[in-house]
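Counted the way my numbering counts, the sequence shown spans residues 16 to 209.
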Amino acid sequence: MDLHAFLDHVGRGGSIVAGSEQHEFMHGAAQQALRIIAELNTGYRTPERVRTLLTRLTGTAVDESVVVFPPFYSEFGKNLRLGKNIFINIGCRFQDTGGITIGDGTLIGHGSTLTTLNHSIDPDRRADMTPAPVVIGQQVWLGAAVTVVPGVTIGDGAIVGAGAVVTRDVPANAIVAGVPARLIRMTGFDAAAK
């Protein structure tokens, strides 16, 4: 199995069955990602060096406008897509095996977690995983310690309050907060109009 075949499999929502070829590939890729993350998180790194390491982690060029404050964690890396003018604060954790896309101008508060894999409900199959991507639109603001679960899309211009657990899609230009996150009100701005 190669990266392209694996990404195609998870992109279709294909299960990662414990002990399967996909499962073994994922664990091998995780070891590569963990080596890069260890280098990123041990000692001071200039913003340029952080972007270089993120480019190695993701396998795609990271724009010079992207700012990430380490420590930063990712268990796969190769299914993470970052737009431009993104800021990711200290201590964020991205489980990107199922795919994470972050749009231009987005701010992610410290200690936030984005997850893309669900485990089986059946206890005999608990180690099996089902991928579901997280998509964060443009000009989104996630407050500190936000958790986004697999399969959630957050629309352009939305704001997610600190500590929220986002379990379902968030409309564009909405403000949500709480556990689980619920609509508080609309922002009154249209991020798409810019």
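For each residue, glycine too, the CB sits at the ideal point set by N, CA and C. This one's a predicted model, so the numbers in the text were calculated from it and none came from an experiment.
Own chain residues within Cβ distance below 6 angstroms of Asn104, not counting five before or after = So the list reads Phe84, Gly124, His125, once near-sequence residues are dropped.
Please go through the same chain and pick out, in chain order, the residues whose beta-carbon is closer than 6 angstroms to the beta-carbon of Thr182, but skip the five residues on each side of it.
-> Cβ within range, chain order: Val164, Pro195.
According to the Cβ coordinates, are Gly98 and Gly113 closer than 7 angstroms?
-> For the pair Gly98 and Gly113, the CB atoms are not nearer than the 7 angstroms cut-off.
Around the Cβ of Thr121, are there at least 16 other Cβ atoms within 10 angstroms (buried) or fewer (exposed)?
-> It is buried - the Cβ of Thr121 has at least 16 other Cβ atoms within 10 Å.
According to DSSP, is Val260 helix, strand or coil?
-> What the structure shows of the chain is the stretch from 16 to 209, and residue 260 is not part of that stretch, so it cannot be assessed.
Tell me which same chain residues have a C-beta within less than 6 angstroms of the C-beta of Gly178, skipping the five on either side of it?
-> So the list reads Ala160, once near-sequence residues are dropped.
May I ask you to list the residues that DSSP assigns as paired with Thr121?
-> None; Thr121 has no bridge partner.
When DSSP builds the beta bridges, which residues end up paired with Arg197?
-> Beta-bridge analysis with DSSP links Arg197 to Ala192.
Cβ pair count under 8 angstroms reaching 3, the stretch 62 to 80 against the stretch 21 to 30 | No contact exists between the stretch 62 to 80 and the stretch 21 to 30.
Coil, strand or helix - Ile52 by DSSP | Ile52: helix per DSSP, three-state reduction.
If we count the other Cβ atoms within 10 Å of its Cβ and call it buried at 16 or more, is Arg141 buried or exposed?
-> Answer is exposed; the Cβ neighbour count stays below 16.
What first and last residue would you give for the alpha helix (DSSP H) that runs through Val25?
-> 18 to 26 is the span of the alpha helix (DSSP H), which, as asked, contains Val25.
Could you tell me the boundaries of the alpha helix (DSSP H) in which Thr130 lies?
-> Here Thr130 belongs to no alpha helix (DSSP H), and DSSP marks it neither H nor E.
Option in Ala45, Val180, Gly172 with minimal Cα separation from Tyr88 | For Tyr88, the closest C-alpha among the options Ala45, Val180, Gly172 is that of Ala45.
How about Ala2 and Met201: do their beta carbons lie closer than 7 angstroms?
-> The shown model of the chain, from 16 to 209, leaves out residue 2, and the question about it has no answer.
Decide if Leu55 is buried, meaning its Cβ has at least 16 other Cβ atoms within 10 Å, or exposed.
-> Answer is buried; the Cβ neighbour count reaches 16.
Taking only beta-carbon atoms, is Tyr88 less than 7 angstroms away from chain C?
-> The structure shown contains no chain C, having only a single protein chain.
Leaving out five residues before and five after Glu79 in sequence, what residues of the same chain have Cβ atoms less than 7 angstroms from its Cβ?
-> Excluding residues within five positions, the ones whose Cβ falls inside 7 angstroms are Arg66.
Hey, could you find the ends of the alpha helix (DSSP H) Pro62 is sitting in?
-> Run containing Pro62: 62 to 73, per the alpha helix (DSSP H) assignment.
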